[in-house]
Amino acid sequence: MVSTHPSRHLLRARDLADRRYAEPLTVDDLAREAGWSTAHFAREFRRVFGETPHRFLLSRRMERAAALLRDTDRPVTEICHAVGLSSLGSFTARFTRVYGVPPTTYRATFPPAQRHLRIPACVTMAYGRPQTAVPEKHGSGSAA
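Using the working numbering, you'd call the opening residue of the sequence shown number 6 and step up by one each time.
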């Protein structure tokens, strides 16, 4: 019987894709990390993880893009590049296929990113207190 437990080689390559999804990684890079030929690596990766290495990498990029759209106000073009893609058109088409709506529509379904800002309580207390007016000091030698 053939084992479907991921080998350390496949796990190393998958971890590389998870860590460095924003870089221009290829299936060849992942296979090299696993120490296998590209064809053997792609076959084994799909058998064990249920998707091709390329699709896995794209999924990671789309997941990260969705998080950035929800949690930041960064422009869509900047998010496209931040997740390792170079073509805004391809990014938008892929995102729409995965999430069912274009990136801007997806973002609009979430509250503005400014609501996600978390300010430590000590900062809120320090700057949230009413400020008392301090009378201005006049120089002792000046005429009134």
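Beta carbons: idealized from backbone N, C-alpha and C, even for Gly.
Rounded to whole angstroms, the separation of the alpha carbons of ARG66 and THR109 is 17 Å.
For the pair GLU38 and ARG17, the CB atoms are nearer than the 9 Å cut-off.
Every unbroken stretch of the alpha helix (DSSP H) spanning 4 or more residues and falling wholly within the stretch 16-75 is given here in chain order: 32-39, 43-54.
A straight-line Cα-Cα distance of about 11 Å links ASP34 and ALA47. Of SER12, THR57, ARG25, the smallest CA-CA separation from LEU90 is found for ARG25. 9 Å or more divides the Cβ of VAL32 from the Cβ of HIS14. Within 10 angstroms of the beta-carbon of ALA98 lie fewer than 16 other beta-carbons, which makes it exposed. Residue environment analysis places VAL88 among the buried positions, since at least 16 neighbouring C-beta atoms fall within 10 angstroms of its C-beta.
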